[in-house]
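Okay, structure first, notes after.
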Amino acid sequence: MRGRMTYAVLLAVTVVTSATLVVLGALAIYFGALHNRPVPATGLAMPESDAILIFRDETLVDWSDKARQLLDALREDPDASQSKDVLGLLLRHLSKPFPDILSQLSRLAEIGELRMEASDDSGMILLARFQNGLTRLQLTDTRAEGSLVALDRLSFEALTAEVETLRQVARHVPALVWQTDDSDKVVWANAGYIAKLQEIAPDDLLTWPLPDLFDAAPSDGVDRLQLVTPDNTYWFSYTHVPLRGRQMHVATPIDSTVQSEVARQETLQTLTRTFASLKIGLALFDAERRLQVFNPALVDMTRLEATFLASRPSFEQVLYALREARMLPEPKDFNNWRREIIEMEQAAESGEYAEEWCLEGGQTFHVTGRPQANGAIALFIEDVTTEAALSRSFRTEIETVHRVLDGLADGIITFSMSGQALLANDAYTALWQSDPCTNLADEGLAQAIRLWSGFCEPTTFWARLAEFATERDLDGPTQRLSASIVRKDGIMLGVTVKYLTGGNLMVVFQDLGQRSVRPDVTRKTERSLQAELVTRPDLALEPVGGKQADPAPVREQTEAASSTQKESPPRKLRSARHVGTRLRV
Numbered sequence: 003m004r005g006r007m008t009y010a011v012l013l014a015v016t017v018v019t020s021a022t023l024v025v026l027g028a029l030a031i032y033f034g035a036l037h038n039r040p041v042p043a044t045g046l047a048m049p050e051s052d053a054i055l056i057f058r059d060e061t062l063v064d065w066s067d068k069a070r071q072l073l074d075a076l077r078e079d080p081d082a083s084q085s086k087d088v089l090g091l092l093l094r095h096l097s098k099p100f101p102d103i104l105s106q107l108s109r110l111a112e113i114g115e116l117r118m119e120a121s122d123d124s125g126m127i128l129l130a131r132f133q134n135g136l137t138r139l140q141l142t143d144t145r146a147e148g149s150l151v152a153l154d155r156l157s158f159e160a161l162t163a164e165v166e167t168l169r170q171v172a173r174h175v176p177a178l179v180w181q182t183d184d185s186d187k188v189v190w191a192n193a194g195y196i197a198k199l200q201e202i203a204p205d206d207l208l209t210w211p212l213p214d215l216f217d218a219a220p221s222d223g224v225d226r227l228q229l230v231t232p233d234n235t236y237w238f239s240y241t242h243v244p245l246r247g248r249q250m251h252v253a254t255p256i257d258s259t260v261q262s263e264v265a266r267q268e269t270l271q272t273l274t275r276t277f278a279s280l281k282i283g284l285a286l287f288d289a290e291r292r293l294q295v296f297n298p299a300l301v302d303m304t305r306l307e308a309t310f311l312a313s314r315p316s317f318e319q320v321l322y323a324l325r326e327a328r329m330l331p332e333p334k335d336f337n338n339w340r341r342e343i344i345e346m347e348q349a350a351e352s353g354e355y356a357e358e359w360c361l362e363g364g365q366t367f368h369v370t371g372r373p374q375a376n377g378a379i380a381l382f383i384e385d386v387t388t389e390a391a392l393s394r395s396f397r398t399e400i401e402t403v404h405r406v407l408d409g410l411a412d413g414i415i416t417f418s419m420s421g422q423a424l425l426a427n428d429a430y431t432a433l434w435q436s437d438p439c440t441n442l443a444d445e446g447l448a449q450a451i452r453l454w455s456g457f458c459e460p461t462t463f464w465a466r467l468a469e470f471a472t473e474r475d476l477d478g479p480t481q482r483l484s485a486s487i488v489r490k491d492g493i494m495l496g497v498t499v500k501y502l503t504g505g506n507l508m509v510v511f512q513d514l515g516q517r518s519v520r521p522d523v524t525r526k527t528e529r530s531l532q533a534e535l536v537t538r539p540d541l542a543l544e545p546v547g548g549k550q551a552d553p554a555p556v557r558e559q560t561e562a563a564s565s566t567q568k569e570s571p572p573r574k575l576r577s578a579r580h581v582g583t584r585l586r587v
C-alpha cells in the first residue's frame, strides 16, 4: 500500500510539474514572439485595398504591398532607402487632403485612435492607432471598388499634378525648347518654338515632324544662334543636354543684349576714331597701373615705340621711358624724382595733378591726371609749345605797354563798359594817391568821381563826366570831353575823357604847370590892400621890386587936378582912386 501511494504521489507531482513546464513554455513562446515581432498579428489583417504603414517613433518598421506601391510613386529617388524619411514624405503628400494631420497625430498617443476624412472631397479616410509604442496608419479610399484602384489613383494624381506643372512650365517659359532624335529631326517642341514657326511662316501648315528653325544643327562649341528672317534678325543664347538618347535644345532670346553689345561696340569704335584723331596724347592706366589704352598722338608726342606701349607697361615704366627719351623734365635729384612720381600718381588718383613740363628742346607739355572708374587713372598730354610762346609774347607786350604808361607824366586810368577800373599808371596813382586796380573794394567810376571831386575845387565838370559816361555816344559829337580843373592845393589840371575801341572809357589828367590862388585867399588880400590904400594913399608911390616909383605922373595928375579944380566947382579929393585895383599873380 505504502509503495502504491508513493508511486501515485510521484505520478501526480510529475504530471503537475509537466503541466507547469508546458504552461511556462507556452508563456515564454508567446511573450518571446510578441517581443520579437513589432507588428501585431492583426496589424496587416486588413483589406488588401488599404495602404497600411507601421512606425516606431519615426522609423518605418512594416508596411503592406499597397503601401510600398504608394511610397514608390511618391519617392523622388527610387533607389533611396525605403525607410529614409518615409514619415516626412508621407505627411507632405497627405497634408493636402488632410490639412490638420500634423496637429491630429501629435495627440494620437493620448487618445490612442483617431479617424480623419479628406477635406478635398476625394473620399480618402485615414485611420491612425497608437498601441504598444507603435503607430499604425491606414489609408482607405471609399470610392474605390478595389485596392489597386485606390492606391493607383493616389499615385496617379501625384504624377498628373507633376506632369501638369511641367507642361505649364514648358508652355510659358520665355525660351524656345525642342527635342531632336538621332537623325536631328524635331520630335517635340514647346509652345514658344511653335509660335516662332507660325510667326516666320504664318501661311504654312505645320506638319509632323516639325521643321527646324535653324538651318544647321548647332555644334557643341556654339553658344549663340541667329535666326534671319526677311523682316528681322533674332539672336538666341543656346544650350543643349542629352536626354535618354535624344537631345534637348534650349534657345533663350537675347536680342536686347546683342543690340546693347552692338551699340557698345559702335560707341567704342567711335571713341577709338575720336581718340586717334585727337592731338592730345591719351594714356589710360587700370587699377593695377598697367597701360591699357593709348592713342597715336601719344606716340607722336613722346616718341615712344608703339610696341612698347602695346606691351602694357606699368605707370613707372612709362615715366622711365619718357625720361630716357628726354621727354620729361630732368630732375636734379633722382631720389626726389622717384618721390615726385609717387606723388604724381597719388595726385592723379585724386584728380589734382596738372603741371607743365618744360623740356630741353623748347617744347612745353601740359599734363593732366584724371581719376577714372574702378581705380583707373588717365593722363592727358597736350603740346602747348605754341600757346606758351604766344602767351610769353603777349605777356612781354603787356608788360612793355605797362612800362610805357608808367613812364608818361600824365595820369591815365581806363574803365570798362560796366564802370570797373581796368588800368591806372604810376602818374595817376601818385596824383590821386589811390590805385583802384589793386583795391578789391573799388566801386569803379562812381568811386573815382567821388575821389576826384574831393581833391578839387567845386565844379560842374564831374556831373558832366558822369552824364558823359552814361550816354556812351561813341560816334556823336560828344565822344570827347575836355575841361580844366583846380585841385585844392592850387594845381591846375587838364582833363580829357574819351571812349576807346570796344567801349572802354579813358580819363587823362595833365598837369598844366600853373598854380591858382584860392578865391578866399584872393578876397582876403584885396580887402587888406583896400584898407591900406585908404589909410595910406602914398602907398602907391613906394618902390615896387626895389625901384623908386616915378613921381612925375603923380605931379602931372596933381597939376591937372589943380587946373581942373580952378575951372570946376570944388570937389572932395578921392584919395582911394586905386580901390578897383586887383592883385595879379
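Everything in the sequence shown is counted per this note's numbering, starting at 3 for the first residue and increasing by one.
Virtual Cβ for every residue (Gly too), placed ideally from N, Cα, C.
On a predicted model such as this, the values are computed, not experimentally measured, just so you know.
*Taking 7 angstroms as the cut-off, does the CB of Q294 come closer than this to any heavy atom belonging to the ligand ZN?*
Questions concerning the ligand ZN fall outside what the structure shown contains, since it holds no ligand whatsoever.
_Rounded to whole angstroms, what is the Cα-Cα separation between L1 and Q374?_
Shown here, the chain extends from 3 to 587; a query on residue 1 therefore has no answer.
*Spell out a yes or no on whether the region 264–273 and the region 313–329 are touching, meaning 3 or more CB-CB pairs, one atom from each, closer than 8 angstroms.*
no
*In terms of residue numbering, what span does the alpha helix (DSSP H) encompassing D302 cover?*
298–304
*Are D288 and R248 closer than 8 angstroms when you measure CB to CB?*
no
*Member of W210, M346, I202 whose CA lies at the smallest distance from the CA of F216*: I202
*Inter-residue Cα distance where the pair is E342 and Q348*: 10 angstroms
*asked:* Under 8 angstroms: do the region 298–307 and the region 272–285 share three or more Cβ pairs, one atom per stretch?
replied: yes
*Output the distance between the C-alpha atoms of G515 and P333, rounded to the nearest integer angstrom.*
59 angstroms
*asked:* Give me, in chain order, the residues of the same chain whose beta-carbon lies closer than 7 angstroms to that of K500; leave out the 5 immediate sequence neighbours on both sides.
replied: Q481, R482, M508
*At which residue ranges does the region 405–432 contain complete beta strand (DSSP E) runs of 3 or more residues, listed in the order of the chain?*
413–417, 423–426
*asked:* Suppose contacts are defined by Cβ-Cβ distances below 8 angstroms. Is L306 in contact with L293 by that definition?
replied: no
*Looking only at DSSP bridge pairs, what is I127 linked to?*
E119, T142
*Rounded to the nearest angstrom, how far is the Cβ of G283 from that of I383, given a contact under 8 angstroms?*
4 angstroms
*Across which residues does DSSP place E358 in a beta bridge pair?*
H368
*Pull up the distance between the alpha-carbon of L104 and that of S239, whole angstroms please.*
46 angstroms
*Which residues in the same chain as D59 place their Cβ atom closer than 7 angstroms to its Cβ, once the five residues preceding and following it in sequence are excluded?*
none
_Nonlocal neighbours in the same chain, by C-beta distance under 7 angstroms from S436, ignoring five residues either side_ = L453
_Quick check on this structure: which residue in S97, L467, A471 has the alpha carbon closest to the alpha carbon of I487?_
L467
*asked:* Counting C-beta neighbours from all protein chains within 10 Å, is the total for L245 16 or more, i.e. buried, or is it exposed?
replied: exposed
*asked:* So the candidates are A130, R109, D385, D444; which of them puts its Cα closest to the Cα of M303?
replied: D385
*DSSP three-state call for A554: helix, strand or coil?*
Below a pLDDT of 50, predicted positions are generally treated as unreliable, and A554, at 42, falls in that range; the measurement from the model is reported next regardless. Three-state result, A554: helix.
*Have a look at D52, N338, D87 and flag the residue whose alpha-carbon is nearest the alpha-carbon of V63.*
D87
*Look up W434 in the DSSP assignment and say whether it is helix, strand or coil.*
helix
*Excluding sequence positions up to five away, which residues of its chain have a Cβ less than 7 angstroms from the Cβ of L227?*
F216, P220, F238, Y240, A253
*asked:* Does the contact criterion of 3 or more C-beta pairs under 8 angstroms hold for the region 63–72 versus the region 116–125?
replied: no
_W210, buried or exposed, once every other Cβ within 10 Å from all chains shown has been counted against 16_ = exposed
*Any idea what DSSP makes of T231, helix, strand or coil?*
coil
_I need the straight-line Cα distance from T309 to P315, nearest angstrom please._
10 angstroms
*Answer yes if the region 425–435 comes into contact with the region 403–416, meaning at least three C-beta pairs across the two stretches below 8 angstroms, and no otherwise.*
yes
*Can you tell me whether DSSP reads E399 as helix, strand or coil?*
helix
*DSSP state of F457, grouped into three classes?*
helix
*Using the Cα positions of E166 and H174, report the straight-line distance between them to the nearest angstrom.*
12 angstroms
*CA-CA distance, L89 and L212?*
46 angstroms
_Do A191 and W180 count as a contact pair if the criterion is CB distance below 8 angstroms?_
yes
*Under the DSSP definition of a beta bridge, which residues are partnered with D513?*
L495
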